[in-house]
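*Asks:* Attaching a single structure in structure tokens format; questions to follow.
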Amino acid sequence: AGDDYKIKVWNYKTHRCLFTLHGHLDYIRTVQFHDEHPWIVSASDDQTIRVWNWQSRTCVAVLTGHNHYVMCASFHPKEDLVVSASLDQTVRVWDIGALRKKSSSPADDIMRLTQMNTDLFGGIDAVVKYVLEGHDRGVNWASFHPTLPLIVSGADDRQVKLWRMNDTKAWEVDTLRGHMNNVSCVLFHAKQDIIVSNSEDKSIRVWDATKRTGIQTFRREHDRFWVLAAHPEMNLLAAGHDSGMIVFKLERERPAFAVSGDTVFYVKDRFLRFYEYSTQKEVQVAPIRRPGSVSLNQSPRTLSYSPTENAVLICSDVDGGSYELFIVPKDSAGRADYLQDAKKGSGGSAVFIARNRFAVLEKSSNQVLVKSLKNEIVKKSPLPIGTDVIYYAGTGNVLCRAEDRVAIFDLQQRLVLGELQASAVKYVIWSNDMESVALLSKHAVVIANKKLVHRCTLHETIRVKSGAWDENGVFIYSTLNHIKYCLPNGDSGIIKTLDVPIYITKVAGNTIAFLDRDGKNKIITVDASEYIFKLALLRKRYDHVMSMIKNSQLCGQAVISYLQQKGFPEVALHFVKDEKTRFNLALESGNIQIAVASAKELDDKDHWYRLGIEALRQGNVGIVEYAYQRTKNFDRLAFLYLLTGYLDKVGFMSKIAGQNNNLMGQFHNALYLGDAKKRVEILENAGQLPLAYVTAATHGLTEIADRLAGELGEDVPSLPEGKTRSLLIPPAPLTACGDWPLLRVMRGIFEGGLDATGRAEQEEDYDDAGGDWGDEDLEIVDASNVIENGDAGHADESETNEEDGDEEGGWDLEDLELPPEADTPKARGPERSALFVAPTPGMPVSQIWTQKSSLAGEHAAAGNFDTAMRLLSRQLGIKNFAPLKALFLDAHMGSHTFLRAFASAPVIPIAVEKGWSESASPNVRGPPALVFSFAQMDDKLKAAYKATTEGKFPEALRQFLNILYTIPLLVVDSRREVDEVKELIEIVREYVLGLRMEVKRKELKNDATRQQELAAYFTNCKLQKVHMRLVLTSAMGLCFKGGNYATAANFARMLLDNGPNEAQAKKARQVLQACGDRKDAHQLNYDFRNPFVVCGATFVPIYRGQKDVSCPYCASRFVPSVEGQLCSICELSVVGADASGLLCSPTQSR
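Note that full-length UniProt numbering gives residue 669 to position 669 of the sequence shown, counting from 1, and the numbers run on in steps of one.
Set out below in structure tokens:
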């Protein structure tokens, strides 16, 4: 309803308006459905309340009496009453019993007559039963109690009033004061004796309906509250405010519990109770003292139990976090004097850690207090991480939860035993043997072992509520809507769908024990066969799997898909009856016999084609031939016969091609057979006389060639002269090829390969298994009989038999003359009875190289470029690998050699090891032989020096960069060489920086000042003396020409100090004499007195004390703004990246 005076009824699933109700003359304030009858009640500013029938879509009653806006109207949950609130400062209760009688079907004629008279003479359907006056200003809301004869109202006088009514009258019970502005809405809680109100003072207040006192207040900073709604069954409230809506609950509903063996201790209705699973006996142990402060959400949060001492620790949020310790005598359950034994204390959380010791978390000092059962402090242990909750983690240990991780802390040794990244863990559940732990957070389940080594993580879209381990090591957990399982490898699935959330306490076989939100112990039975089956597969307990296949009703696409995914298609075959699925699974598992049987049932061209491909892959020539016959793929069949050496069958294929008028097929078969005469005949019949003549003349068939020349007359084609002719004849097959030989291996357990003992033991169980399991109805095709039983062709058999009577069934399959069967050798004696065991393949040498190596050069040599790049990224911060591509390939190719094999076999790669000798053990593998060495770097450095001396700066820069690119792939043998490599990086870096500045200087022809600065910076690089003299001479000349005489004189003095030759010394003295005391004409950004380094990107000085960042590889320095960019010196690494450093020798890892 809205301000357009209309009431619209919507289908909330389809988001469509079903119909509109018209009748109100002003804004409509509230609408509500009746729980049982097809009614809607609405309140309007037209001072009326209307009741509508949404089935007939008519107004059935108009309730008049208010003399101001009606702000609210609602039905009673059970009785025929309506309560309304108005700005006329009254609350009215209306009796609509007559309306209910009118809407129900009359039982007899007298009742029907009475109803007709009421309609004709104006009977009243609704009357005012009570008028409640007491508010001083307009009333905004009124609502009934769900079960008691109570009404609560809220008004603009900032008061909430409680009213009671009986059959004859209603009166005010009490007034609740506290709101600072108009009360917008007020209602009773569905399950608790609580009144909830909200107001324009931006607050929601919770009141105790029994004591009529305020319990708690919730505030928003900028939003006024306007409306409230309570869920009829769940502990949920909704509140609307200026910015939207919030849904919340007043108290947590999870009961605190702890399981020990056959017993669960838990808290319900302010009592500590225990429940025995075996006897289903529930005992009320002792009452729990109510907290002194009246507040919500003070119920116990956790419970810890010590079975040996029969002691219980209960933790709650009372007083900012506290615990109560109960020692439960075996014979005093439920006695009142038990309260005297309860010991209290403050602490964030408390758990038992030993028989008579418990640990309490003291958040303020981040330490654990170990206490005795007398509540006396025995020991204090500071915690290694900032902890907000502790959990039990075995005797003497606690599991500490931080914001983003958990850690197991040994209180005795004060050591961290394990740590795991897991954010916002709420619950910790240990397995019975304490070998595994489940960490539950809001939307995730993390499984780890007892040392917090991560096993798997499951993410859920809805909240995870509880969990428990079953006896098989499977974790069973519940969400808001489901019970699920988690296998040790992380596979999960749904066991059961839930109507309401539950809190699992124990799992035993197919039974799950749990507590509901009312604190009641219940048990449900589930079907655990799915996860038990998957667990047996995971643990390779194939005897259990086989038993479940035979005796269970496991089926469905989910199980089949799981078996396929986990690499057990042969197991999935047992569940499948659909022939298409059986065919696909048979191909995947390599079971060619079942695939043939399914292909026969399907008899589809595509399936026969796929079967032929798989049979060809397995070398099963008979099945390939059969598949090609069924699809009439005569071209492939002829080529198969050619490859296998059955030339007689190729000839028969030529006859079939002739019957089908397939000239191309005939010609191909003639080519395969090398039958030149047949090719000439085919060409002649096709009308290709010139080609027929050329073929005959080339192959020496002179008679036919002469005859064809006569027919061609003047159009006889000329043959090329001066070339050696060779006949187009295929090589003759030395032997016919059959199916590939197979190793005799043990059949898998799922293919019937149980040993004699196992078969004897399970014979009784398995004999009763019916054909639905796919054992008896498998059509196993023997490859040796396929061709004999196959229909020869789908070529026209009758015509073929008439044409050639010696051929059997359309195929040239005469009986073979074989020796008698008795002469066939058979395996005799124990030495021949053993099955062949295939040798285990060894590990490739390239894999051995990388197995324990952290050297990028060895990984590149092995061809593991990805891992090499990851290592370089981690060690040197390298991001740009483009310059290293050629070096990677060189390293790989240089550490391998390649041998040619047979003509049809691939080339054989052989890894080349460093320091190999014939006397070396074959089981000990050396490192790869690398193409790069430190000696090579020395030679390259000399060549770069030479290019620098000759002034070939681009060439010198290229050579220095090549050294920088090669060094990451170097491998040296000693620590001394490692230091030399690092020294080489520093040398090359200085030259690359200086040469880049020199190249840049030469580009700046119109900026004399910048040229002088770059020349001056070049003199700051650490260079060889011969190069330093050249650089100083250049800088001196530039500054002198530019009028900066003082700087030029300084460079002249530096040049004289570096041992110049005669010409350089003479020039320097002349400059000094010319400069005298003259000053610089231009200001340069250069101060030789203040130590500095040059930024490799901007080429500006970074003076001592200024902030800078560096390249993790070449250690070039940069201004802070360059951080995160690619280093402009080495062009490989990211400036400022975290890196562990250069690793180029196995001695660095020892």
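We treat Cβ as the ideally placed atom computed from N, Cα and C, and that holds for glycine.
Remember, predicted model here, so these are calculated numbers, not experimental data.
If we ignore side chains and look at the alpha-carbon of each, how far apart do S84 and A73 end up?
*Replies:* What you label residue 84 is simply residue 84 of the sequence shown in a count that begins at 1. What you label residue 73 is simply residue 73 of the sequence shown in a count that begins at 1. Roughly 4 Å separates the two Cα atoms.
*Asks:* Determine the contact status of T949 and V1026, defining contact as a CB-CB distance below 9 Å.
*Replies:* Position 949 of the sequence shown holds residue 949. Position 1026 of the sequence shown holds residue 1026. Against a cut-off of 9 Å, the Cβ pair of V1026 and T949 comes out as a contact.
*Asks:* Between which two residues does the alpha helix (DSSP H) harbouring G894 extend?
*Replies:* Mapped onto the sequence shown, residue 894 falls at position 894. Run containing G894: 885-894, per the alpha helix (DSSP H) assignment.
*Asks:* Residue range of the alpha helix (DSSP H) that E200 falls in?
*Replies:* If you number the sequence shown from 1, residue 200 lands on position 200. Careful: E200 lies outside any alpha helix (DSSP H) and carries neither H nor E.
*Asks:* How is the alpha helix (DSSP H) around G138 delimited, first residue to last?
*Replies:* Walking along the sequence shown from the start, residue 138 turns up at place 138. Unbroken run through G138: none, as it is neither H nor E.
*Asks:* Go ahead and label G490 buried or exposed: buried means 16 or more other beta carbons lie within 10 angstroms of its beta carbon, across all protein chains shown.
*Replies:* Here residue 490 refers to the residue found at position 490 when the sequence shown is read from its first residue. Exposed.
*Asks:* Taking M1054 as part of the beta strand (DSSP E), name the residues at either end of that continuous run.
*Replies:* Within the sequence shown, numbered from 1, the residue matching residue 1054 stands at position 1054. Note, M1054: premise wrong, no beta strand (DSSP E); alpha helix (DSSP H) at 1045-1057.
*Asks:* What three-state label does DSSP hand V694 in the structure shown?
*Replies:* To locate residue 694, count along the sequence shown from 1; it is residue 694. In the structure shown, V694 sits in a helix (DSSP, three-state: H, G or I).
*Asks:* For E200 and G65, what's the separation of their Cα atoms in angstroms?
*Replies:* Mapped onto the sequence shown, residue 200 falls at position 200. Mapped onto the sequence shown, residue 65 falls at position 65. Near 28 Å, if we compare the C-alpha coordinates of G65 and E200.
*Asks:* Determine, using beta carbons only, whether A190 and P149 come nearer to each other than 9 Å.
*Replies:* Indexing the sequence shown from 1 puts residue 190 at position 190. Indexing the sequence shown from 1 puts residue 149 at position 149. Result no, Cβ atoms of A190 and P149 do not sit closer than 9 Å.
*Asks:* Taking the straight line between their C-alpha atoms, what separation do you get for V60 and V51?
*Replies:* The sequence position of residue 60 within the sequence shown is 60, counting from 1. The sequence position of residue 51 within the sequence shown is 51, counting from 1. Spanning the two alpha carbons is a distance of roughly 6 Å.
*Asks:* Check N1061 in the structure and name its three-state DSSP category.
*Replies:* On the sequence shown, position 1061 is the one that residue 1061 refers to. In this structure, N1061 counts as coil in the three-state DSSP scheme.
*Asks:* For A354, collect the residues of the same chain with a Cβ closer than 7 Å to its Cβ; drop the 5 residues on either side in sequence, then sort them by chain order.
*Replies:* Reading the sequence shown from its first residue, position 354 is the one you call residue 354. Around A354: T395, G396.
*Asks:* Run the CB neighbour count on P300, radius 10 Å, all protein chains shown included, and call it buried at 16 or more, exposed below.
*Replies:* The residue labelled residue 300 in the question sits at position 300 within the sequence shown. Per the 10 Å Cβ criterion, buried.
*Asks:* With the cut-off set at 9 Å, would you say Q159 and N521 are in Cβ contact?
*Replies:* Within the sequence shown, the letter at position 159 stands for residue 159. Within the sequence shown, the letter at position 521 stands for residue 521. No, the Cβ-Cβ distance between Q159 and N521 is not below 9 Å.
*Asks:* Assuming K426 is part of the beta strand (DSSP E), what are its boundary residues?
*Replies:* To locate residue 426, count along the sequence shown from 1; it is residue 426. Unbroken beta strand (DSSP E) run through K426: 425-430.
*Asks:* If we ignore side chains and look at the alpha-carbon of each, how far apart do F326 and D262 end up?
*Replies:* Counting from 1 along the sequence shown, the entry for residue 326 is found at position 326. Counting from 1 along the sequence shown, the entry for residue 262 is found at position 262. Near 20 Å, if we compare the C-alpha coordinates of D262 and F326.
*Asks:* Can you tell which of Q1073, A1063, K723 has the C-alpha that lies nearest to the C-alpha of A1048?
*Replies:* By one-based count along the sequence shown, residue 1048 stands at place 1048. A1048 has its Cα closest to that of Q1073, out of Q1073, A1063, K723.
*Asks:* Taking only runs that begin and end inside the UniProt repeat "WD" (21-62), name each unbroken beta strand (DSSP E) of 3 or more residues, in chain order.
*Replies:* 28-33, 39-44, 48-53, all fully within the UniProt repeat "WD" (21-62).
*Asks:* Out of curiosity, what's the CA-to-CA distance linking K371 and L1142?
*Replies:* Translated into the one-based positions of the sequence shown, residue 371 becomes position 371. Translated into the one-based positions of the sequence shown, residue 1142 becomes position 1142. Those two C-alpha atoms are separated by around 51 Å.
*Asks:* Starting from H459, trace the beta strand (DSSP E) both ways and give me its first and last residue.
*Replies:* Taking the sequence shown and counting its residues from 1, the one referred to as residue 459 is at position 459. Its beta strand (DSSP E) spans residues 454-459.
*Asks:* Within a Cβ cutoff of 7 Å, which residues of the same chain sit near F865, ignoring the five residues on either side of it in sequence?
*Replies:* Here residue 865 is taken as the residue at index 865 of the sequence shown, counted from 1. If we look at F865 and ignore the five residues flanking it on each side, its Cβ neighbours are F888.
*Asks:* Are L957 and R989 touching if we call contact CB-CB under 9 Å?
*Replies:* Looking up residue 957 in the sequence shown gives position 957. Looking up residue 989 in the sequence shown gives position 989. Not a contact, by the Cβ cut-off of 9 Å.
*Asks:* Can you check whether the CB of D156 is closer than 9 Å to the CB of V186?
*Replies:* Sequence index remark: in the sequence shown, residue 186 carries index 186 (1-based). Sequence index remark: in the sequence shown, residue 156 carries index 156 (1-based). No, the Cβ-Cβ distance between V186 and D156 is not below 9 Å.
*Asks:* Could you tell me which of V1071, N1020, A1035, C1039 sits nearest to I1102, measuring between CA atoms?
*Replies:* On the sequence shown, position 1102 is the one that residue 1102 refers to. Answer by Cα proximity: N1020.
*Asks:* In the DSSP assignment, what residue or residues form a beta bridge with D208?
*Replies:* Against the sequence shown, residue 208 aligns to sequence position 208. According to DSSP, which records beta bridges pairwise, D208 is partnered with I194, T213.
*Asks:* Contact between the stretch 1109-1120 and the stretch 1078-1086 is defined here as three or more beta-carbon pairs at a separation below 8 Å; is this criterion met?
*Replies:* No: fewer than three Cβ pairs fall under 8 Å.
*Asks:* Would you call the CB atoms of V446 and T457 closer than 9 Å?
*Replies:* Looking up residue 446 in the sequence shown gives position 446. Looking up residue 457 in the sequence shown gives position 457. Contact flag set, yes.
*Asks:* At the level of alpha carbons, what is the spacing between H179 and E435?
*Replies:* The residue given as residue 179 occupies position 179 in the sequence shown. The residue given as residue 435 occupies position 435 in the sequence shown. Each residue's alpha carbon lies about 55 Å from the other.
*Asks:* Taking L872 and P968 to be in contact with their CB atoms under 8 Å, please state how far apart those CB atoms are, rounded to whole angstroms.
*Replies:* Numbered from its first residue, the sequence shown carries residue 872 at position 872. Numbered from its first residue, the sequence shown carries residue 968 at position 968. Correct: roughly 6 Å between the Cβ atoms.
*Asks:* In this structure, what does DSSP give as the bridge partners for S466?
*Replies:* Working through the sequence shown from its first residue, we reach residue 466 at position 466. Looking at the DSSP assignment, S466 forms a beta bridge with S478.
*Asks:* How many Å lie between I787 and G619 at the Cα?
*Replies:* For the purposes of this step, residue 787 is taken as residue 787 along the sequence shown, with counting starting at 1. For the purposes of this step, residue 619 is taken as residue 619 along the sequence shown, with counting starting at 1. Interpretation of I787 is limited by its pLDDT of 38, a score under 50 that renders its predicted location unreliable; the figure taken from the coordinates is listed afterwards. Cα to Cα, the separation comes out at about 16 Å.
*Asks:* Out of L647, Y646, W608, L642, which has the shortest C-alpha to C-alpha gap to Y628?
*Replies:* Along the sequence shown, read from residue 1 onward, the residue named residue 628 stands at position 628. The residue with the shortest Cα to Cα distance from Y628 is W608.
*Asks:* Helix, strand or coil: which one does DSSP assign to E251?
*Replies:* By 1-based counting over the sequence shown, the position of residue 251 is 251. Coil.
*Asks:* Cα-Cα, which of M843, R405, C1095, R414 is closest to V428?
*Replies:* As a working mapping, residue 428 is identified with position 428 in the sequence shown. Ranking M843, R405, C1095, R414 by Cα distance to V428 puts R405 first.
*Asks:* Pull the bridge partners of A1015 from the DSSP assignment, please.
*Replies:* Here the question's residue 1015 lines up with position 1015 in the sequence shown. Answer is none; A1015 lacks a bridge partner.
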